[in-house]
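In the numbering used here, the protein residues as written are 4 to 420.
From the three backbone atoms N, C-alpha and C, an ideal C-beta is built for every residue, glycine too.
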């Protein structure tokens, strides 16, 4: 452990929340937990300790949101993404020690590994804290073979039974989890993501040529941007194929790929084979995402599976239209007025979408304005903090009433049956 664990020296002054996430890597969950772990929640009466683990090979860290919020963080190297029995047992033992020393009223977990170990640790804490888990998406379908998928589903069902509430970041995520038998629908609550969108909301609706030049991208053609991991589930192979089709159809399109992963070299080779390598720009991981958005005309997503894509929320707040596949919580972010949604695994439909947006400047601007209005109304940081505060108080009040009822009806003190 790299930091000391604060002791509960003043019980009752603030509600103590132990927040556990497997890792703070580039992506939505790290931004989400960062906003919920610092000053915004502190102002509402919460003291939070954010526990996070090791990154997977090739991943980039994203701790700046939590740091900017003034979050108190504790790093556990043994809390690592893949299943490793020795490390997982060690991480569980460390989490139990952290939880017992911190004495939280709430344990709120995020991501699969953090969720399973964090909820297991909660069972060793007395008095038992309120236990909440947030699904930012899931890996229970379409990621692994049948045996590993069955194992993960069984683990999630077991962990759900010790959870007081389960949160999905979109209705589609909750629908999936109910269909897969993780828990009954009445155990779930939909709490959409919340993000600090001010830098994106300040951008002009028209692209900034200077920003594009800073990226080393020529200021010709319509620039579509993808932001996220380079991984098979994201189907960037499909995106490249669709860009090639749209260019053959006469549309002047460029593509910026912001992110990285093990498949990058293969995708760069595919771009060369499709003769679009001079129009596809692999930019790696970037922290200046508002500047990336300023350079872009539109954003694209071609995934086979998603939770609620943060990159699309930030794109919408930037006033950029979106072309995306109809998966996960995409329809919560992209409306019929703010972008184009196509079926997954359909390169022809995706290529047509590229062509429609590339060929109509007024449509892009109109959709961009609608996208910004929708994103700022639904995905603000203030709304997220308010929703979580209300949920915590609801669950804590319910528990307090339950304890009071049990004390008032304690039949072991005489009376009763």
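query: What residues in its chain sit with their C-beta under 6 Å from that of residue 371, if we drop five residues either side in the sequence?; result: 208, 322, 323, 324
query: Can you name the residues that DSSP bridges to residue 35?; result: In the DSSP output, where bridge partners are listed per residue, residue 35 has none listed.
query: Can you tell me the Cα-Cα spacing of residue 11 and residue 90, whole angstroms?; result: Low confidence applies here, because residue 11 scores a pLDDT of 49, under 50, leaving its location unreliable; read the following figure in that light. Taking the straight line from one Cα to the other gives about 27 Å.
query: Would you list, in sequence order, the uninterrupted beta strand (DSSP E) runs of no fewer than 3 residues that lie entirely inside the region 281 to 364?; result: 283 to 287, 301 to 304, 325 to 328, 342 to 345
query: State the Cα-Cα distance for the pair residue 320 and residue 27, rounded to the nearest angstrom.; result: 23 Å
query: For the candidate residues 61, 35, 120, whose alpha-carbon lies nearest to that of residue 287?; result: 61
query: List the residues that DSSP assigns as beta-bridge partners of residue 76.; result: 53
query: Taking DSSP as the reference, what is the three-state secondary structure of residue 228?; result: strand
query: To which residues of the same chain is residue 347 closer than 6 Å at the C-beta, ignoring the five residues directly before and after it?; result: 307, 328, 330
query: Of the residues 102, 231, 114, which one's Cα is nearest the Cα of residue 32?; result: 114
query: Leaving out the 5 sequence neighbours to the left and right, which residues in its chain are closer than 7 Å to residue 171 when beta-carbon positions are compared?; result: 138, 177, 180, 191, 193
query: Quick check on residue 139: does DSSP put it in helix, strand or coil?; result: coil
query: What did DSSP end up calling residue 412 once you bin it into helix, strand or coil?; result: With a pLDDT of 47 at residue 412, under the threshold of 50, the modelled position of that residue is not reliable, and the figure given next carries that caveat. In this structure, residue 412 counts as coil in the three-state DSSP scheme.
query: To test your reading of the DSSP string, which unbroken alpha helix (DSSP H) runs of 4 or more residues are found completely within the region 134 to 207?; result: 149 to 164, 174 to 182, 201 to 204
query: For residue 48, which residues of its own chain have a beta-carbon under 7 Å away from its beta-carbon, when the five flanking residues on both sides are left out?; result: 17, 18
query: Three-state secondary structure (DSSP) at residue 40?; result: coil
query: In its own chain, which residues sit with a C-beta less than 6 Å from the C-beta of residue 232, not counting the 5 before and 5 after it?; result: 262, 264
query: Does DSSP classify residue 209 as helix, strand or coil?; result: coil
query: Counting only the same chain and skipping the five closest in sequence on each side, list residues whose C-beta sits under 8 Å from that of residue 147.; result: 155
query: With DSSP as the reference, label residue 23 as helix, strand or coil.; result: strand
query: How would you call residue 133, buried or exposed, if buried means at least 16 neighbouring beta carbons within 10 angstroms?; result: buried
query: In three-state DSSP terms, what is residue 58?; result: coil
query: Quick one, are the C-beta atoms of residue 354 and residue 248 less than 7 Å apart?; result: yes
query: Taking the alpha carbon of residue 365 as the point to measure from, which residue in 128, 383, 342, 121 has its own alpha carbon closest?; result: 342
query: Is the region 331 to 341 touching the region 274 to 282 in the sense that three or more CB pairs, one from each, lie closer than 8 Å?; result: no
query: Under the DSSP definition of a beta bridge, which residues are partnered with residue 432?; result: Residue 432 cannot be examined here, being either before or after the span of the chain that is shown, 4 to 420.
query: Is the beta carbon of residue 162 sitting closer than 7 Å to the one on residue 122?; result: yes
query: From residue 375 to residue 99, what distance separates their C-alpha atoms?; result: 43 Å
query: Against chain D, with Cβ distances strictly below 7 Å, would residue 137 count as a contact?; result: Chain labels in this structure do not include chain D; a single protein chain is all it has.
query: Suppose the cutoff is 8 Å on Cβ atoms and the five residues either side in sequence are ignored; what does the same chain contact list for residue 373 look like?; result: 338, 340, 341
query: Closest by CA to residue 266, which one among 109, 390, 201, 234?; result: 234
query: Would residue 51 be called buried (16 or more neighbouring beta carbons within 10 Å of its own) or exposed?; result: buried
query: Once DSSP output is grouped into helix, strand and coil, what is the label at residue 4?; result: Its pLDDT being 45, under 50, residue 4 is placed unreliably in this model, and the value from its coordinates should be taken loosely. Coil at residue 4, not helix or strand.
query: To the nearest angstrom, how far is the alpha carbon of residue 294 from that of residue 349?; result: 30 Å
query: Where does the unbroken alpha helix (DSSP H) through residue 98 begin, and where does it stop?; result: 88 to 105
query: Distance check for residue 20 and residue 168, CA to CA, integer angstroms please.; result: 15 Å
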